[in-house]
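Those letters in the sequence shown? Residues 6 to 1104, per this note's numbering, in order.
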Amino acid sequence: MRARGILLLGELWMHFVAKPFDATILHHFAAFFAARLEDWHSLHGALIGSLALLKREKHVGVVDNDDAKALLKSALENVEVQALVQEDRMFCLEFFECLLVGYPEAISSHGTLFVERLCGIIDGEKDPRCLLLGFHIVELAAQIFPDPAGYIGSVIEDLFDLLSCYFPISFTPPPDDNWGITREDLSVALMHCLGATNLFAEFSIPFLLDKLSSSLKNAKLDSLKFLGFCVSRYGAEELRNHSTAIWMALKQELFSSYKVEEAISKERDNQTFHEALNCLQACLKLQAGNKDDMLSLERNSLLELVVEDPFINDFFDCISGHLIQTSARVTVCSTGNGDIALERALTTIKETGLILTMAAKASPASCFAVTHRIFPNLFNLLRPGICIKGSDDEKKFEGIPVKSSLWFPDDVLLTVLEVIRLIIEGVKGLADSVLKLQGTYSDVKWIGPLQLNSEDLLMSFIAITVSGLQNRMDIDAILIDRTWNVGVAGLQAVGSFPPQLSILSRVQYDYLFSFLKYITLSKSEATSLWNRTVDAIRVICTAEEHFSCQGLGSMFRDSLIASLLKEVDNYSESLPVLCSLKALSVLCTGGAEILTNSTRKLTELLCEDLKKFVRIASEEDNTVKRILPLSQGLLDYILPCCMKVDMDVEVLLGLAVNLWHIVENFPEDGLLKDSRDNIQVLQNCLGIVQICVFHCDAPSQRYLMLEIVGPFVEATSHIFGSLGLKDIWLIGFFSSMIISLRPSIHIPRAECVLHRLCAGAVSLSCGSVNLIASEAVGCLVNKWQSNGVEMQVSNGISLSIAEALDLIIKGEWVSTALCNQTGTACLEPEKALVLKMGCIKLLGYAGKGLAIRGHIGVSDIAMLLLSLVHCKKILVDAKQKNLLQFLWPNDEERLSIASAAADALGFIAKDLGSSGWRQSHLVIKPLHQQRFFVSMLAPLELVLKESEEQERIILYYAFANLISSIPANVILMESKRVFPFVLESLSALSSAEMFSTSLSSVLLVLSAILVDKNGAELASRHLSAVVGRLQSLIQYQYSVTVRETSLLCLGTLVALPYARVFPFRTQVLKSLTNALDDPKRSVRKEAVRCRRAWELLTR
């Protein structure tokens, strides 16, 4: 009873841990729980209560130091941690952890007794939760008592012996583990524990070095990880004491390929190699060096051991060709030996390069030592084979780099230059860090060796790049691409140092920029090189901006941008306009001012070319060759770049207004030639307008609307004839603007605007304009009165959305285009059909706009489209009132019209992403797809009942279009209504190849139904019909997807109730015979899986 009472009290205090109490109450209960810790039977509750008191925070009241000392003393004298059950051990360890964190003075007052108990706390512990706490307790204790002669120092060896037993951590979480503790968590905790104090150094470093010889991969990896971490915590003095042993052990791992003769043919243990590199870097970061005399290295320091090691001489020997020349002599007897020697040389160069890179970027001192040791000797070898001929400015970079000596294979040269690039990039990263930290080495002494060899560095990468240019026709494309990658990446690394620590002189920078400019302006045909060069220029120029220093890079970028704009202006054939604009978009990234100026200049050029567009379009002038790429580049490169920076809206508005003034002044009698280039120019310009207007703010859009709406509605409308050039551009421009308008923008003379857009949507002049005008109508009705303000027509009377919808459905153009009335009587049948198709597409977009905003008016358009699908001669609206008398000239036109109407219904049901609808400030109501789909099921069912057999195919095609984009959860909610349609669609749509895509959509719906619990029950009641239809579809000849999905559904049926499925077993297995011989392997595999599933059905 006493134990239960104390447990209740302890749990109450655990619940009160955030409740304020005064010091008297806390003192009373601290003394009480300290006394109860002596009672073995009450220990569990006393531990909980003591822990609750120690977990309290200052703002709610905490126990004082005297109470904490009393609790600690009682626990140390009366509690044997390892004798407790796991839960109590956890509480006890948390108890000590809280004391170490919150009451270090209490720990110090009982230091001797505490460290005696500390070893017993972790001795033999196996529970991972307790181990995590135990390791943390040791870490905290080591930080509290750092004195070698202190409490921890007296037991440090015993403590290490206990901790080392857990290395390496071997732990696999059980399957039902709810704590989420992993092997990595335990390993990190132990690593921090061993690195908590340098008192562990004399034991842990030899121990970890010895563990490196282990055959267990985890032990080797953990040893390297622990060694790097612990040495970095112990400090430079401990590293100095063990530097020789550490380097010899690391060298053994870094150069493991020398251990075994056959190592070249084996895959290296890259994980161990890179972990050894990280360990080396962590150790070298402690090498501060002498900033006044960097040439003098401390005797037997790790840095001296690395840079004076013989492996560097082996590196130079491989480059100088001694090893390869020796192999070449052996080649006479054995060709394979030469390949092995070459491969070995390349491996040595790569490994040494990674080691030197890691060493160079560890610290400024190591950077100086490595670069001073490597670069002078390295360039003594490379310099004779690297030079650029040519002195005059015109051919400055067209000289041929003299090839390296005969022994120097291309792979070796590229590998060496890759090593140099890696070292440079590592040093550049170090330079960035040094400047950010403003450390001791903010001067340039440590980077001196790079500055002394800067000319060789620069010329090496230029030479290899030019060599690739000159030999690209004679050498393998992969090798050429690698050559350019190495060359340009090296130039980027050399040129992108922070300006304060640049390794290049002003003259060398000018030379580098001249070369990059030469590539950019004259070598665009080498696409891979050109793209890398442009990106390298961007990186080099932004390096200065990153460190707030406007210098050479910015000047060069401005100069290059001016040259690119000049190339566009002069229409230079050496650099295509698209390449110039792509380069501009890359170079202007992040710079709003320079992008603004470039955009304004390009706007001027586009407007100048567009003024000549009538002559270009009619006379096939060559000037179209510039306006096409210019408009395409603005659309694809410049404007997307403008969206990424904080560009002034006035620039985008100015572009749209300038284009409008050009279009407004087009001649009335101009005709647009139906050539591919001319149509593409039109599409590009309309896309430019749409993007510009979309990103304008509301006042700018309002200004543009007032500027344009008058000339647009007053233009002559030739509804069914060929529109003139001006009409086409007016409709396209205004439609692009309407699509991008915000819903709050008021549209004057809305009735005229809507009528004009509808006329443009069904005209015979330009398909691109028809489509964008239809889209504009959809956007217009979507945003109609969305801000609560009614649209105003020309006579001042407000026009509601219902009246606007009547204007669309019953307007002049519908009655004329759809019903072959007087306006189209003189048209050829083909043109009349085009009008009808355009009209149906317009209805689809208008319905889409209404559906997205959730307006009930979409039902009127949907019923009209359904009537067209049904091939009725009388078109009806949603209220079942006769609307129009439709005339069908022939059966072929009937099928085309019905198919187009079915596609339009499917378009309305699609989601915004898959419908291709552009981003255009739409008014969107949630679940609009679900509402429209559900509303169409009843009318579709009614129409199917009234239809004859031959008319139903196209109706099921409309159903397939409707259901193809509807979310699966919506379909499953309506599965009882949908399932009959699905079954009938599988039969009806399998008759023709044109329905194969729709058939696949219906099969996917069926598969979703079959795996749903309610759907499967529904399918089991109609199993005979399902099996019959799927059996016929597994032989469907027009689509592999249909056959595969049918087999998948057939295999899913075996999960239905056994009593209903088993009678069909023999029938299904027989029908699978042909599928097993299908010409497509994917179908055969699915047939095998299906047969296996059905064969498992036994009595």
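C-beta atoms are modelled at their ideal positions from N, C-alpha and C, and glycine is treated no differently.
- How is Thr331 classed by DSSP in three states: helix, strand or coil? In the sequence shown, residue 331 corresponds to position 326, counting from 1. Note on Thr331: pLDDT 37, under 50, position unreliable in the model; no value is reported.
- Message: Can you check which of these residues, Asn490, Asp1082, Tyr962, Lys1018, is closest to Ala997 by C-alpha distance?
- Response: Here the question's residue 997 lines up with position 992 in the sequence shown. Per the Cα distances, Tyr962.
- Query: Can you tell me where the alpha helix (DSSP H) with Phe316 in it begins and where it stops?
  - Reply: Residue 316 sits at position 311 when you count from the first residue of the sequence shown. Per DSSP, Phe316 belongs to the alpha helix (DSSP H) from 315-325.
- Going along the chain, which unbroken runs of the alpha helix (DSSP H) with 4 or more residues stay wholly within the region 1006-1057? 1018-1026, 1028-1038, 1045-1057
- Item | Counted within 10 angstroms of its Cβ, other Cβ atoms place Glu99 as buried (16 or more) or exposed | Counting from 1 along the sequence shown, the entry for residue 99 is found at position 94. Buried, since its Cβ has 16 or more Cβ neighbours within 10 Å.
- Item | First and last residue of the uninterrupted alpha helix (DSSP H) at Lys366 | As a first step, residue 366 is located in the sequence shown; it is residue number 361 there, counting from the start. Careful: Lys366 lies outside any alpha helix (DSSP H) and carries neither H nor E.
- Three-state secondary structure assigned by DSSP to Asn275: As a first step, residue 275 must be located in the sequence shown, where it is residue number 270. Correct three-state label for Asn275: helix.
- Can you tell me which of His377, Val582, Gly434, Val65 puts its alpha carbon nearest to the alpha carbon of Lys450? Here residue 450 is taken as the residue at index 445 of the sequence shown, counted from 1. Of the candidates His377, Val582, Gly434, Val65, the one whose C-alpha sits nearest the C-alpha of Lys450 is His377.
- Beta-carbon gap between Val424 and Gly358 smaller than 8 Å: For the purposes of this step, residue 424 is taken as residue 419 along the sequence shown, with counting starting at 1. For the purposes of this step, residue 358 is taken as residue 353 along the sequence shown, with counting starting at 1. The answer is yes: Cβ separation under 8 Å.
- Helix, strand or coil: how does DSSP classify Arg605 here? As a first step, residue 605 must be located in the sequence shown, where it is residue number 600. Looking at Arg605 - three-state DSSP - the assignment turns out to be helix.
- Given 8 Å as the limit, is there contact between the region 736-750 and the region 695-711, that is, 3 or more CB pairs closer than that? yes
- Decide if Arg1096 is buried, meaning its Cβ has at least 16 other Cβ atoms within 10 Å, or exposed. On the sequence shown, position 1091 is the one that residue 1096 refers to. The residue is buried, with at least 16 neighbouring Cβ atoms inside 10 Å.
- Item | Any 3 or more C-beta pairs closer than 8 Å across the region 632-647 and the region 685-693 | yes
- Quick one: Cα of Cys3 to Cα of Ile324, how far? In this structure the chain extends from 6 to 1104, so residue 3 is not present and cannot be described.
- Message: Here's the rule I'm using: 16 or more other beta-carbon atoms within 10 Å means buried, otherwise exposed. How should Leu17 be labelled?
- Response: Position 12 of the sequence shown, counted from the start, is the residue given in the question as residue 17. Under this definition Leu17 is an exposed residue.
- Query: Which whole-angstrom value describes the C-beta separation of Ile902 and Ala851, a residue pair presumed to lie in contact below a C-beta threshold of 8 Å?
  - Reply: Taking the sequence shown and counting its residues from 1, the one referred to as residue 902 is at position 897. Taking the sequence shown and counting its residues from 1, the one referred to as residue 851 is at position 846. Ile902 to Ala851, Cβ: 17 Å. No contact.
- Query: Would Leu869 pass as a contact of Leu900 if the rule is Cβ separation under 8 Å?
  - Reply: Locating residue 869 in the sequence shown gives position 864, where the first residue counts as 1. Locating residue 900 in the sequence shown gives position 895, where the first residue counts as 1. Going by C-beta atoms, Leu869 is not nearer than 8 Å to Leu900.
- Item | Between the CA atoms of Pro25 and His64 - distance to the nearest angstrom | Working through the sequence shown from its first residue, we reach residue 64 at position 59. Working through the sequence shown from its first residue, we reach residue 25 at position 20. About 8 Å.
- Task: Quick one: using the 10 Å Cβ neighbour count with 16 as the cut-off for buried, is Glu946 buried or exposed?
- Result: What you label residue 946 is simply residue 941 of the sequence shown in a count that begins at 1. With fewer than 16 Cβ atoms within 10 Å of its Cβ, Glu946 is classed as exposed.
- Query: For the 8 Å Cβ check, are there 3 or more pairs between the region 609-618 and the region 559-566?
  - Reply: no
- Tell me where the alpha helix (DSSP H) around Leu810 begins and ends. Your numbering for residue 810 matches position 805 in the sequence shown. Run containing Leu810: 806-814, per the alpha helix (DSSP H) assignment.
- Between which two residues does the alpha helix (DSSP H) carrying Tyr1063 extend? Position 1058 of the sequence shown holds residue 1063. 1063-1066 is the span of the alpha helix (DSSP H), which, as asked, contains Tyr1063.
- Message: Using 8 Å as the cut-off, can you tell me whether the region 955-974 makes contact with the region 906-913, which would need three or more C-beta pairs spanning the two stretches below that distance?
- Response: yes
- Can you give, in chain order, each stretch of the alpha helix (DSSP H) that sits fully within the region 156-186 and has at least 4 residues? 156-159, 161-169
- Message: Within a Cβ cutoff of 7 Å, which residues of the same chain sit near Leu310, ignoring the five residues on either side of it in sequence?
- Response: For the purposes of this step, residue 310 is taken as residue 305 along the sequence shown, with counting starting at 1. Correct list, in chain order: Ser248, Thr249, Trp252.
- What separation, rounded to the nearest whole angstrom, lies between the Cα atoms of Leu765 and Asn775? Position 760 of the sequence shown, counting from 1, holds the residue named residue 765. Position 770 of the sequence shown, counting from 1, holds the residue named residue 775. Position check: residue 765 holds Gly in this sequence, whereas Leu was assumed. Between Gly765 and Asn775, the C-alpha separation is close to 6 Å.
- Message: In whole angstroms, give me the CA-to-CA distance for Val786 and Leu855.
- Response: By one-based count along the sequence shown, residue 786 stands at place 781. By one-based count along the sequence shown, residue 855 stands at place 850. In a straight line, the C-alpha of Val786 is about 6 Å away from that of Leu855.
- Message: Rounded to the nearest angstrom, what separates Glu780 and Pro645 at their Cα positions?
- Response: For the purposes of this step, residue 780 is taken as residue 775 along the sequence shown, with counting starting at 1. For the purposes of this step, residue 645 is taken as residue 640 along the sequence shown, with counting starting at 1. One C-alpha to the other measures close to 22 Å.
- Query: Going by other Cβ atoms of all chains shown within 10 Å of its Cβ, with 16 needed for buried, is Trp789 buried or exposed?
  - Reply: On the sequence shown, residue 789 is found 784 positions in, with the first residue counted as 1. Under this definition Trp789 is a buried residue.
- Could you name the residues of the same chain whose beta carbon sits closer than 8 Å to that of Cys546, not counting the 5 residues immediately before and after it, in chain order? Locating residue 546 in the sequence shown gives position 541, where the first residue counts as 1. Answer for Cys546: Gly558, Ser559, Phe561, Arg562, Leu592, listed in chain order.
- Starting from Lys1090, follow the alpha helix (DSSP H) in both directions and report where the run begins and ends. Taking the first residue of the sequence shown as position 1, residue 1090 is located at position 1085. Taken as a continuous stretch (DSSP letters only), the alpha helix (DSSP H) holding Lys1090 covers 1086-1100.
- Taking buried to mean at least 16 other C-beta atoms within 10 Å of its own C-beta, is Glu144 buried or exposed? Taking the sequence shown and counting its residues from 1, the one referred to as residue 144 is at position 139. With 16 or more Cβ atoms within 10 Å of its Cβ, Glu144 is classed as buried.
- Task: Would you identify the three-state DSSP class for Met6, choosing helix, strand or coil?
- Result: Counted from its first residue, the sequence shown places residue 6 at position 1. Three-state result, Met6: coil.
- Neighbour flag for Ser579 against chain D, beta carbons, 8 Å: Although the question refers to chain D, the structure presented lacks it and comprises just one protein chain.
- Message: Quick check: what's the CA-CA separation for Leu48 versus Leu12?
- Response: Position 43 of the sequence shown, counted from the first residue, corresponds to residue 48. Position 7 of the sequence shown, counted from the first residue, corresponds to residue 12. Each residue's Cα considered, the two are about 9 Å apart.
- Message: DSSP three-state label for Trp789, please.
- Response: Residue 789 sits at position 784 when you count from the first residue of the sequence shown. Here Trp789 sits in coil by DSSP.
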